[in-house]
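**Student:** One structure coming up, written as structure tokens, with questions to follow.
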Amino acid sequence: MSFLRSSSGKTGGLQLQDYRSSPTFYWALTGIFAALHLVMTMLPLFMLTSGEGFISIGLVTAVMIGFLLGPFYGTVSVTIGSGLGVILFNIGGILGPIVPVIAPAAGALVAGCLRTKRPQVVLIVYGTTFFAFLIGPIGLAALSYIWLHVIAMIMVGLYIIPQTGIWLRESMKLSESKPENTFFSLWILCFISLLADSLVGGTTAAYYFVFALSFPIDALAGIYNGAAFVYPLERIAVTFVITAVLLALDKALRKTPFESLLDQSQVYDSMDISHGDEAS
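Numbering (this note's numbering), first residue to last: 1 to 280.
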């Protein structure tokens, strides 16, 4: 299938490059989705259980963009959108300029890597962030905060085991006969991605509050421990929202010029993730 190809298989006599292997196509989508993410970061999805602040729809679009555009373009797109949100609208508020950018970018990166057969990168993200949290200012005093993140990291192993990894990736394709398999595989991806967002954001915030804002360590550790069994409810609720969105996108994009976005492994297996251009 060629970009803008007519029913006769030609484009008015002009043969266009297959858009699935065109970096220009993906850079264009990077900009479009960055603008979308910028808008979504300012719209509330639901209020936090603490009653202070809200979880924005940007949490949903970050994972969605990483899923659709892959680990390179998806991460760049989310970083641009979040960065503009910080610069133009101070979307982070008290969290400062770093956390609102690096956390959703991590979620997009993880979603893209799981989508494109790179679970080892996800393990590196989790491993390095766990290490940074543990040696950080509140690491040992707030161990209860990372209990669900540990479970998420263990679940990454499902993608590394050949049999389950293949099943999870194949099940992401919407099947009329077994929709429950598609739902489950997408939910696992969303869960791991959202917890990566949470872990990176929580770790970065701990350093920021202590070293930039001189927040008392004991008080901050108390806040993290108090949230240990609250944030899981919020994050798990969001996983179901993102899963529903991805299922809807899968159904909407099938048999359209954008269908290739649903099978990123065909593109990124032959691409250099560090440059976003074709390696071959």
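A virtual CB, placed ideally from N, CA and C, is assigned to each residue, including glycine.
1) Hey, quick one: how far does the beta strand (DSSP E) through Phe-54 stretch, first residue to last?
2) Within 10 angstroms of the Cβ of Leu-261, are there 16 or more other Cβ atoms? Answer buried if so, exposed if not.
3) Would you list the one or two residues that DSSP bridges to Phe-46?
4) Residues in its own chain within less than 8 Å of Val-241 by CB, not counting five upstream and five downstream?
5) Starting from Phe-215, follow the alpha helix (DSSP H) in both directions and report where the run begins and ends.
6) Less than 6 Å between C-beta atoms, sequence neighbours within five positions excluded: which residues of the same chain meet that for Pro-232?
7) Pro-162 to Met-153, Cα distance in whole Å?
8) In chain order, which continuous runs of the alpha helix (DSSP H) of length 4 or greater are located wholly inside the region 133 to 171?
9) Kindly indicate which three-state DSSP category Lys-251 falls into: helix, strand or coil?
10) Drop a sphere of 10 angstroms on the beta-carbon of Val-39, count the other beta-carbons inside from all chains shown, and report buried for 16 or more, exposed for fewer.
11) Give the secondary structure of Ala-228 by DSSP, where H, G and I count as helix, E and B as strand, and everything else as coil.
12) My understanding is that Val-125 touches Leu-140, with C-beta atoms under 8 Å, so please give their C-beta distance in whole angstroms.
13) Measure how close the beta-carbons of Gly-136 and Ala-206 come, nearest whole angstrom, since I'm counting them as under 8 Å.
**Tutor:** In short:
1) Position 54 of the sequence shown, counting from 1, holds the residue named residue 54. Unbroken beta strand (DSSP E) run through Phe-54: 54 to 56.
2) Position 261 of the sequence shown, counted from the start, is the residue given in the question as residue 261. Leu-261 comes out buried.
3) Residue mapping note: residue 46 aligns to position 46 of the sequence shown, counting from 1. Note: Phe-46 sits in a beta bridge opposite Ile-55.
4) Taking the first residue of the sequence shown as 1, we reach residue 241 at position 241. Hits under 8 Å: Leu-45, Val-60.
5) Locating residue 215 in the sequence shown gives position 215, where the first residue counts as 1. Note, Phe-215: premise wrong, no alpha helix (DSSP H); not H, not E.
6) Here residue 232 is taken as the residue at index 232 of the sequence shown, counted from 1. Closer than 6 Å at the Cβ level, and outside the excluded window around Pro-232, lie Leu-148.
7) The residue given as residue 162 occupies position 162 in the sequence shown. The residue given as residue 153 occupies position 153 in the sequence shown. Computed Cα separation, rounded: 17 Å.
8) 147 to 160, 162 to 171
9) Against the sequence shown, residue 251 aligns to sequence position 251. If DSSP states are grouped into helix, strand and coil, Lys-251 belongs with the helices.
10) Your numbering for residue 39 matches position 39 in the sequence shown. By the neighbour-count rule (16 or more Cβ atoms within 10 Å), Val-39 is not buried but exposed.
11) Within the sequence shown, residue 228 is the residue found at index 228, counting from 1. Three-state result, Ala-228: coil.
12) What you label residue 125 is simply residue 125 of the sequence shown in a count that begins at 1. What you label residue 140 is simply residue 140 of the sequence shown in a count that begins at 1. Contact doesn't hold; Cβ gap of about 22 Å is too wide.
13) As a working mapping, residue 136 is identified with position 136 in the sequence shown. As a working mapping, residue 206 is identified with position 206 in the sequence shown. Yes, they are in contact, since the Cβ atoms of Gly-136 and Ala-206 sit about 5 Å apart, within 8 Å.
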